[in-house]
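Chemist: Below is the structure I would like to discuss, written out as structure tokens.
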Amino acid sequence: LITQPPQLYKDENGGEVHVLDAFAYYLKGEADTGTVIRYIFRSGVSGCLPLPGLVNVDASYDGTGCKAYSDHWVSNVIDRQEFLDTLNDTLGFTPKVDFNAGVVAAGEAQIESTVTGNTSGLVTSDPATALADQGQVFLPINNALSPVGHVHWYLEEIGQGIQHAASRVESLPIYVQRANDFRAITGQGFTFLNIPRTYYGLLDVDLLVKNTEAMVSKEEATAIISNLINASLCDDVGAVCQSVCQPAGSKKLDDALGNDLKNKEAVKKVIIHSIYRNLYLMLKDSISEETYLTIVRNQILIDMQGEDVLMQIFTSCVMQRKPGTEAPFLEFIQRLCAVPKDGTTGAIRPGCGGFGIRNFLTLFLSIEVSKAMNDAKNASDVSEENFHKHRVELFTNQLVESNPILNEISECMTLEGDALAKGDTATAATAAVRKEKANQALYECSTKYNTLMKQHRESRATAAASN
């Protein structure tokens, strides 16, 4: 359904722009008037479109800013298939990736998501060209499957609309570090979602014992971790403080390890490596330790499909009406296509690195963790505070258990896709079986935490009723 008849605008040189505005979302066949898609056809027009209210303005930059280019826009809708059909009928967009309920289930909250879009023919080896190209359009679409969780509450509070807009940058670590430094200096700027340290890596007894250079026994490894916890250099789950990489923290680490420990320097390397252990399993030596630590410090998410790397980060809510309410947010990404071991650059394709199947659940869980932490902060009594703190614990535990399963799914998807491209049906079939097994494991993990969260919520309701 269109908002008004097609409009024609002309510029001073005779160029023409035809504009048609149509409603984006629908409810049982009726237009939901909150969001409009604008279709534009231009003829003989260059530069600024001659549309009402638009004027040419000379751009000026401070010389320190980072350029960002649109990558994708994500919608929260009530009927995902209806919006997919609308985009297919009007623009010829076709689904690219599906995220099922097992991948995006946090506690009792469940959603499904589909990435749709056009097919760009761009293939280049020039990173600058790939960064600035706007020929590829991706529109991920979410719908809620449960009466709880971020997407459900977003639709309930705000209605159908854009959940977040994602932009590409040349270097995400530099971009995020600059944003964090700017906020620290000025007190202005957006904040980013808190990502549990368990996402990046933990120190455990096995990691120390199995390291051939450290050469410590199980008893020694247990004592080392205990000493680190007592020195406040490591928390109870094994997340090592990054301060150990700084002069003051390094001295504190030396003191915690003592003077009698053999292979002390090797043990220190293992401890520092544990900070980014999970990332290293994917990227190996393709980036430096300094870059790894920058990624962890700035809470950047990493995913990998084949040789393609995707870096992501999400801001906290923007345009939020008041604390605790739903609101849109922003995403910034860096796509690194085909990163060979020798460091050279291969062919760059639009959308390389995918959409972070490993990170989709991390985002979903992080949103729920942030909400639960805010609820705990604003609790009216100790009982309510403890209730929300346990929600944080359950969400975090789910992330820890899900990470290795998501890694397996991502690897199998890559193997299956590569095999099919080569016509190797046998390898593709083997990968598909592994992928299905991992999907089942993820479903069981999601079901487990769905049950635990439900039990936690119901036990509190029962206690409140008895009082």
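Here the working numbering is used: position 437 in the sequence shown is 418, and no number is missing along the way. Quick reminder that beta carbons are idealized off the backbone N, C-alpha and C, glycines included.
Using CA coordinates, which residue listed in Ala12, Gly332, His(-1), Gln286 is at the minimum distance from Val26?
Modeler: His(-1)
Chemist: Bridge partners for Met434 per DSSP, in chain order?
Modeler: For Met434, which the question treats as bridged, DSSP gives no partner whatsoever.
Chemist: For Phe22, which three-state DSSP category applies?
Modeler: strand
Chemist: Since I believe Phe163 is in contact with Val299 (beta carbons under 8 Å), could you give me their beta-carbon distance rounded to a whole number of angstroms?
Modeler: That pair is no contact at about 16 Å.
Chemist: By DSSP, does Gln141 sit in helix, in strand, or in coil?
Modeler: coil
Chemist: Assign Val150 to one of three DSSP states: helix, strand, or coil.
Modeler: In the three-state reduction of the DSSP assignment, Val150 falls in the strand class, which pools E and B.
Chemist: Exposed or buried, what is Tyr88 when buried is set at 16 or more other beta-carbons lying within 10 Å of its beta-carbon?
Modeler: Rather than Tyr, the amino acid found at residue 88 in this sequence is Gly. So Gly88 counts as buried.
Chemist: Short of 8 Å in beta carbon distance, which residues of its chain neighbour Val17, apart from the five on each side in sequence? Order them along the chain.
Modeler: Thr(-16), Asp2, Ala3, Phe4, Ala5
Chemist: Can you tell me which of Tyr(-10), Pro304, Val104, Gln436 puts its alpha carbon nearest to the alpha carbon of Ser351?
Modeler: Pro304
Chemist: Short of 6 Å in beta carbon distance, which residues of its chain neighbour Ala111, apart from the five on each side in sequence? Order them along the chain.
Modeler: Thr105, Ile329
Chemist: Taking the alpha carbon of Arg149 as the reference point, which residue from Glu138, Phe119, Asn123 has its own alpha carbon closest?
Modeler: Phe119
Chemist: Looking only at C-alpha atoms, which of Cys426, Glu392, Lys358 sits nearest to Val381?
Modeler: That would be Cys426, whose Cα lies nearest to the Cα of Val381.
Chemist: Do Pro121 and Val85 come within 9 Å of each other at the CB atom, strictly closer than that value?
Modeler: no
Chemist: Give the DSSP-derived three-state secondary structure of Lys243 in the structure shown.
Modeler: coil
Chemist: Quick check on DSSP: helix, strand or coil for Ile155?
Modeler: Ile155 falls in the helix class under three-state DSSP.
Chemist: Check whether the stretch 242 to 249 and the stretch 195 to 203 are in contact - that is, three or more C-beta pairs closer than 8 Å.
Modeler: Yes, the stretch 242 to 249 touches the stretch 195 to 203.
Chemist: Can you tell me the Cα-Cα spacing of Leu274 and Thr443, whole angstroms?
Modeler: Answer to the nearest angstrom: the Cα atoms are 45 Å apart.
Chemist: Buried or exposed for Val36, going by 16 or more other Cβ atoms inside 10 Å?
Modeler: Answer is exposed; the Cβ neighbour count stays below 16.
Chemist: What is the DSSP secondary structure of Cys47, reduced to helix, strand or coil?
Modeler: coil
Chemist: Under the assumption that His145 contacts Glu271 (Cβ atoms under 8 Å), give the Cβ distance between them as a whole number of angstroms.
Modeler: The Cβ separation is near 30 Å, so there is no contact.
Chemist: Does His281 come out as helix, strand or coil in the three-state DSSP assignment?
Modeler: First, the residue type needs correcting, since residue 281 is Ile and not His in the sequence shown. Residue state, collapsed to three classes: coil.
Chemist: Taking just the CA atoms, how far does Asp66 sit from Tyr50?
Modeler: Distance between Tyr50 and Asp66, taken at the CA atoms: about 27 Å.
Chemist: Answer with buried or exposed for Asn431, where buried requires no fewer than 16 other C-beta atoms within 10 angstroms of its C-beta.
Modeler: buried
Chemist: When you compare the CB positions of Glu307 and Ile139, do they come within less than 9 Å of one another, or not?
Modeler: yes
Chemist: Quick check: the stretch 337 to 346 against the stretch 374 to 388, are there 3 or more CB pairs under 8 Å?
Modeler: yes
Chemist: Take Leu344 and list the residues in its own chain whose beta-carbon comes closer than 7 Å to its own, dropping the five residues that flank it on each side.
Modeler: Phe295
Chemist: Might you give, ordered along the chain, the residues of its own chain that have their beta carbon closer than 7 Å to the beta carbon of Lys(-9), omitting 5 neighbours on each side?
Modeler: Glu(-3), Pro31
Chemist: Considering Cα atoms alone, identify which of Ser41, Gln158, Gly10 is closest to Gln62.
Modeler: Distance check between Gln62 and each of Ser41, Gln158, Gly10 places Gly10 closest, using alpha-carbon atoms only.
Chemist: Would you give the residue range spanned by the beta strand (DSSP E) that Tyr7 belongs to?
Modeler: Taken as a continuous stretch (DSSP letters only), the beta strand (DSSP E) holding Tyr7 covers -3 to 8.
Chemist: Going by alpha carbons, who is nearest to Gln315 out of Ile276, Glu349, Ser347, Gln301?
Modeler: Residue Ile276 is the option with its Cα nearest to Gln315.
Chemist: Is DSSP giving Gln227 helix, strand or coil here?
Modeler: coil
Chemist: Arg178: buried (16+ other C-beta within 10 angstroms of its C-beta) or exposed?
Modeler: buried
Chemist: With the cut-off set at 9 Å, would you say Ile281 and Met263 are in Cβ contact?
Modeler: no
Chemist: Taking DSSP as the reference, what is the three-state secondary structure of Ala308?
Modeler: coil
Chemist: Identify, in the order they occur along the chain, each residue of the same chain with its Cβ nearer than 7 Å to the Cβ of Lys233, setting aside the five sequence neighbours on each side.
Modeler: Excluding positions up to five away in sequence, the list reads Ala212, Leu214.
Chemist: Which residue comes first and which comes last in the alpha helix (DSSP H) that contains Ile338?
Modeler: 338 to 358
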